[in-house]
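Chains as they are written, first to last, in my numbering: chain L, 1 to 750; chain D, 751 to 909; chain F, 910 to 1197; chain A, 1198 to 1278.
Just so it is clear, CB atoms sit at the ideal spot from N, CA and C, and this is done for glycine as well.
Beneath this line is the structure, given in structure tokens, with notes to follow.
So, in structure tokens, the structure goes:
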């Protein structure tokens, strides 16, 4: 089913209509997590460990419970026992058991009649700790004397003889790496470090939960995936999933951080203890930073062999990543396959370990693992290009993966668009701008798998011929608009006649979250299938009316029409006419589609950044920024550009200033936006975008996911640009002014 | 904790509420007046999601106590469209896709309106620095700045 | 927490003196509310000073200086053309505090009494030779700004005392001041280093100078050696080098989440040099 | 028989082989056959694996088809942001 011949011959796909939720969002009417309230509602607050690692010896809530208006307190003792694996991890993270494992780990929760009262009560809950030695740095956590965070936590994959904090191990590759290095003209190695960063969504986690004595509950929650919330909350509380109904709110950003639970089940546990009164829990920003799911920190060794003409002969990486005090949270399984995914290299060896540390339970963050891997590999590639005086785009073109390339992680690529992004970057005017003193340019490419996943969509025709589409993937960046466009395109009706709703868990089969850049791809694909099903039914209704065979009816321009002259002569029967009569012609008309969506198309992008560095203070100013990425097909180009720009901005933040700073006491030092420095408006230039379209053959409109790849190239691209501007190469993120200035001074002294 | 009776004016309406003196104006708008369009992103004045104007001055409502609102005039996002007519900024934000998740949008709109009220023809740099206290994590600010520029141009044209 | 709205500084002072618990004054509130929110401070008494007549005023003193009320927010300072002409360095320091929104609330006195060594408005005030009026239950006294902070989060004010106004001296002819700070972003950060320079000229030569550094010691520093380094000079390269060296030498910072000792020492010199140049150009009437 | 490639650290559970051949019509059948032939692989499979079948990455579908001549790569379970 080759879709390469797809042209821009669509009626709606590729246009930029106003998004359906735009009005609500510019008037303040859109309801986010903290905007729900219910009669009789209580407010909750959480008691959190001030220690990075401590035994919990005693919890005394009697003073809190003695306050007028305090209705319930829960601790781990209120949760069921006997959980295993990730369910146990989730429960352990919801409320600490024997030990607090990181600064901010929840220890108890309280519900009261007002938010202030709940906070007052939380301060009155006494917790006695026995402080234990802690470790927060990934390399320190592997050293012989490092405190063991969980005895016996290592899984099947870890070879004998590693530190008990090493809990997962992975290794793969192909070809003869030693022979590859021997064939190279230069072989270079480097060690690179990235600090943990936070997704930094502006909306703190918020949830209203209600559960009666009968164990039936409801939740209203901001999340990327409410079926995940349902499954995880049910597991943590030991209740049946079907007894829990979860309604997603509008979501104020997620970027991976809202694909799991942190405190949501506490609302249900408190509600049940408080006689079924609904309970609202809204995190503070400090709680978000201390106790949700930042990304992993990484320490990475890279070795690359290159010929003088830029041909890469072999590559090797060893990644060490910590994802907190819980097994399975670091993205080693994603980082390794991403490391060399952009290239066609005959010999590769990948190895990684996951290490426990006294930090919060990491969650996904936009292309999990890929930015770190790219920082290491693309940085060393750039260093070698400079050493050999080769153009970084030419070297990437020479080694670029394309259709038929055996990927770094094994499978053969089908049609992909990396080469097209490199060509477009090379041709862009930004690449030809001459730079001034203290300025530098950096180039890097990036990759993300993209994802399909479990998807259930339902579509119903209205009596007036308008169409409602029920989807289960919360809309974070405009996906309702793109799904409405594809549905309207498929049915042949105006965009305005399609309304797409994100519906609750009671209304559809299981949907995975909006993650893995899948919402427009997977829910869109399922919506198209559901529309086709409804079209088939509408053709049947018309056929019955006309008393001809259904096969003799075709659907065109929003109406059933006789398929050719032999079918008979009837005027087109529009969707509005069919809808108006459907009660009498067989009942409601709907379509639905349930799938574990396949046909995913891999995503590649190339970024070009120009910076100027103040040589006396080490501060980097981003002068201009270019994102080129393959979208497959851009359904709503404005929101595709938005994903590119947003990804780049997050990557710029990660590269320059964002980091988790732990003190020697193991406490997080920067728990507010004042010191967790995400880019502000005056930090950034306009972000230029080029949408490359190499349609994905696995999607009816050629869609590839566009959400994640954009965060990957900025890290190495900025390191390259700073290296050109200053002569100093930074191998550790963030490239904050003190580090850049120190590197400049070291370079001068050398 | 004894509550304080506060009489104030929000979006042209006289309103009253009882505030715990520790409650912020943001808490009072959201929890006592059900004006949930004003958002809390940080509670420390660092994100701007709670932007409102207080007697015409742009402030973070998380950095104002509810009791301080006595006798003041407050404007929130809910008052920005008048008589069912969107403010040009609101329209341009939709047209330019200047919002993704939309959580920061009310605060940014209130702040941008305050800018255009004082400077009808701001440069890109003036827009960026004026809005530096309004964090957006989704857009990279590009489309936001363009939407403000376009709204300003339209408003100048109309004036 | 009890919330008070006194209508005179004497009343505020009496309330404070009589208070048995934890007390905070509220002017702009941009520090106090944050601390309350974070649970760092749970005041028993909160005294709102904004109901006292005159606290929003900016007025000329008899000798040609300026008197600034305790509730004047940063934006009002920035909008006051005559004040900006006289003391651009003081105003630009205050205007660097926080966002546009914070500028609508934050005040000079609040920034000073918060006691942060990184307070952006304080080096400019110190360099300007500003004083504050301290009102107690029984009397008032005038104190130099640099005498107010005694340690991070601490001030020299005694129980029942509060600041009732800031006074800037007359600018006089051929004077200029400037403040620069270093932050990693372009906005919204706490100063990693701050430097203010205030000087007057005799011809092209610097007649008097005051140099103040922020965020490089437990309190804002008034660095006499740095001032001496440029007095008598035309701010030639040699003088600037001496200034930078003296400023770096005076810096006694710590390493923390915002910067390292080495970085702060280096950048203190860099900023002092750059601020001096701006102040010098302003004094000559060639700056902006 | 489909050819299933194991990443290095899984090979010790399959007698050191880089590639093993199994009879399977779906991804699920392939996992079951692998676990039967090499019980040491069972924990890894139980922990959750993604696969790439003839170039297409399949995150978690047991029903995805495997052809007799398919080339399958095992991957760690992929997560997205």
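Limits of the unbroken beta strand (DSSP E) element including residue i
i, result
"residue 1074 of chain F", "1071-1077"
"residue 722 of chain L", "Counting along the chain, residue 722 of chain L falls outside any beta strand (DSSP E), though it belongs to the alpha helix (DSSP H) covering 714-726."
"residue 56 of chain L", "54-60"
"residue 604 of chain L", "603-613"
Cβ distance (whole Å) where residue i is taken to contact residue j below 8 Å
i, j, result
"residue 518 of chain L", "residue 603 of chain L", "About 11 Å separates the two Cβ atoms, so there is no contact after all."
"residue 734 of chain L", "residue 655 of chain L", "6 Å"
"residue 1165 of chain F", "residue 1090 of chain F", "With a Cβ gap of about 16 Å, residue 1165 of chain F and residue 1090 of chain F do not count as contacting."
"residue 1055 of chain F", "residue 1106 of chain F", "Not confirmed; about 15 Å, so no contact."
"residue 717 of chain L", "residue 444 of chain L", "4 Å"
Segment limits, alpha helix (DSSP H) that includes residue i
i, result
"residue 1022 of chain F", "1017-1022"
"residue 232 of chain L", "226-237"
"residue 676 of chain L", "First-last for residue 676 of chain L: undefined, no H or E at that position."
"residue 691 of chain L", "Looking at the DSSP string, residue 691 of chain L is not in any alpha helix (DSSP H); the run it does join, the beta strand (DSSP E), is 687-692."
"residue 844 of chain D", "838-845"
Closer than 7 Å at the beta carbon, the chain L residues around residue i
i, result
"residue 1185 of chain F", "Result: empty, since nearest Cβ-Cβ is about 14 Å, beyond 7 Å."
"residue 799 of chain D", "202"
"residue 1206 of chain A", "157, 169, 170 and 171"
"residue 792 of chain D", "285, 672 and 673"
Cross-chain neighbours of residue i in chain L, by beta carbon under 9 Å
i, result
"residue 880 of chain F", "A question about residue 880 of chain F goes unanswered here, because the residues of chain F that appear run from 910 up to 1197."
"residue 1096 of chain F", "680, 681, 682 and 683"
Min CB distance residue i to chain A below 8 Å
i, result
"residue 170 of chain L", "yes"
"residue 334 of chain L", "yes"
Below-8 Å beta-carbon distance, residue i vs any chain L residue
i, result
"residue 820 of chain D", "no"
"residue 1270 of chain A", "yes"
"residue 1172 of chain F", "yes"
"residue 1226 of chain A", "no"
"residue 1258 of chain A", "yes"
"residue 1217 of chain A", "no"
"residue 879 of chain D", "yes"
"residue 887 of chain D", "yes"
"residue 817 of chain D", "no"
Residue-level contact to chain D via CB, residue i, 8 Å cutoff
i, result
"residue 813 of chain L", "Nothing can be reported for residue 813 of chain L, as the shown portion of chain L is limited to 1 through 750."
"residue 957 of chain F", "yes"
Min CB distance residue i to chain F below 8 Å
i, result
"residue 3 of chain L", "Only weak support exists for where residue 3 of chain L lies, its pLDDT of 37 falling under 50; the value from the coordinates is given anyway. It does not: the Cβ of residue 3 of chain L has no partner Cβ on chain F nearer than 8 Å."
"residue 808 of chain D", "yes"
"residue 680 of chain L", "yes"
"residue 6 of chain L", "With a pLDDT of 46 at residue 6 of chain L, under the threshold of 50, the modelled position of that residue is not reliable, and the figure given next carries that caveat. Chain F contact via Cβ: absent."
"residue 683 of chain L", "yes"
"residue 760 of chain D", "no"
"residue 619 of chain L", "yes"
Amino acids of chain F, ordered along the chain, whose beta-carbon sits closer than 7 Å to that of residue i
i, result
"residue 786 of chain D", "The premise fails here: residue 786 of chain D is roughly 19 Å from chain F at the closest Cβ pair, so nothing lies under 7 Å."
"residue 866 of chain D", "Correct list: empty, because the minimum Cβ distance to chain F is about 13 Å."
Within chain D, the residues that residue i reaches when beta carbons sit closer than 8 Å
i, result
"residue 1167 of chain F", "The premise fails here: residue 1167 of chain F is roughly 15 Å from chain D at the closest Cβ pair, so nothing lies under 8 Å."
Partner residues on chain D for residue i, Cβ-Cβ distance less than 9 Å
i, result
"residue 250 of chain L", "851, 852 and 853"
"residue 910 of chain F", "751, 770, 771 and 772"
Contact list for residue i against chain A, beta-carbon separation under 7 Å
i, result
"residue 648 of chain L", "In chain order: nothing, as chain A lies at least about 15 Å away."
"residue 708 of chain L", "1277 and 1278"
Which whole runs of the alpha helix (DSSP H) in the region 514-550 of chain L are 4 residues long or more, in chain order? 524-546
Unbroken stretches of the beta strand (DSSP E), 3 residues or longer, contained in the region 345-374 of chain L: If we require 3 residues or more, the beta strand (DSSP E) runs fully inside the region 345-374 of chain L come out as 348-355.
Counting only runs of 4+ residues fully inside the region 224-303 of chain L, write out the alpha helix (DSSP H) ranges in chain order. 226-237, 264-273 and 285-291
Entirely enclosed alpha helix (DSSP H) segments - the region 477-509 of chain L, minimum 4 residues: DSSP runs (the alpha helix (DSSP H)) wholly in the region 477-509 of chain L: 479-491.
Which residue spans inside the region 134-219 of chain L form an unbroken alpha helix (DSSP H) run of at least 4? 138-141 and 177-183
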